[in-house]
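Engineer: Using this note's numbering, the first residue of the sequence shown is number 1006, and each one after it goes up by one.
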Amino acid sequence: MKGIPASFSPIQLHNRLNRAVWIGFNRVVQDDRELVFLCAGGEGAAQVSKNFETFAGQIVREFRINPAEVDFVELRSEGEEQQWYRWHAQWVGSAPMECKAELVASDSGRRYLAQALSRSVEAA
């Protein structure tokens, strides 16, 4: 599990081919919303993007999260550069459909996510 920031905990999930994989995971409540942070680290962004539906469904079921009350956020790092992506899905029960990632482009949005993640580390 190379390249996963210290603010993430490793979690084992199954990808769309039903192979066990490790990704970085963090769960935070901020402003009455649950934020689930994911990071593939050195495995590359494709690890999350190709498997998001599968990963999100497993997380919602395992942690008994209400899909209407959660936001999934992915942190992608290339060297020192970090990019945040907010994932959107149409939920049918605990199954996400029509998933897509949107780059968090605004400085205020990136700051909000970084602060939420850092607060979760301070609380731990």
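Every residue gets a Cβ at the ideal spot worked out from N, C-alpha and C, and that includes glycine.
The structure displayed is predicted, hence computed values, not measured ones.
Distance check for N1023 and G1114, CA to CA, integer angstroms please.
Structural biologist: What you label residue 1114 is simply residue 109 of the sequence shown in a count that begins at 1. What you label residue 1023 is simply residue 18 of the sequence shown in a count that begins at 1. Whole-angstrom Cα-Cα distance: 34 Å.
Engineer: Can you tell me where the beta strand (DSSP E) with I1028 in it begins and where it stops?
Structural biologist: For the purposes of this step, residue 1028 is taken as the residue at position 23 of the sequence shown. Start and end: 1025-1035.
Engineer: Spatial neighbours of M1102 within its chain, please: C-beta separation below 8 Å, excluding the five flanking residues on both sides.
Structural biologist: On the sequence shown, residue 1102 is found 97 positions in, with the first residue counted as 1. Excluding residues within five positions, the ones whose Cβ falls inside 8 Å are E1058, A1094, Q1095, W1096.
Engineer: Run through the DSSP bridge pairs and tell me what L1108 is partnered with.
Structural biologist: Within the sequence shown, the letter at position 103 stands for residue 1108. Checking the DSSP bridge columns, you'll see L1108 partnered with Y1090.
Engineer: Does the separation of the CB atoms of L1040 and F1060 fall below 8 Å?
Structural biologist: Here residue 1040 corresponds to residue number 35 of the sequence shown, with the count starting at 1. Here residue 1060 corresponds to residue number 55 of the sequence shown, with the count starting at 1. Cβ atoms of L1040 and F1060: not closer than 8 Å.
Engineer: Thinking C-beta only, is N1056 closer than 8 Å to N1031?
Structural biologist: Walking along the sequence shown from the start, residue 1031 turns up at place 26. Walking along the sequence shown from the start, residue 1056 turns up at place 51. Between N1031 and N1056, the C-beta spacing is not below 8 Å.
Engineer: To which residues does DSSP link R1081 through a beta bridge?
Structural biologist: For the purposes of this step, residue 1081 is taken as the residue at position 76 of the sequence shown. Beta-bridge pairing links R1081 to Q1088.
Engineer: For L1018, count the other beta carbons within 10 Å of its own beta carbon; 16 or more makes it buried, fewer makes it exposed. Which is it?
Structural biologist: If you number the sequence shown from 1, residue 1018 lands on position 13. Buried is the call here.
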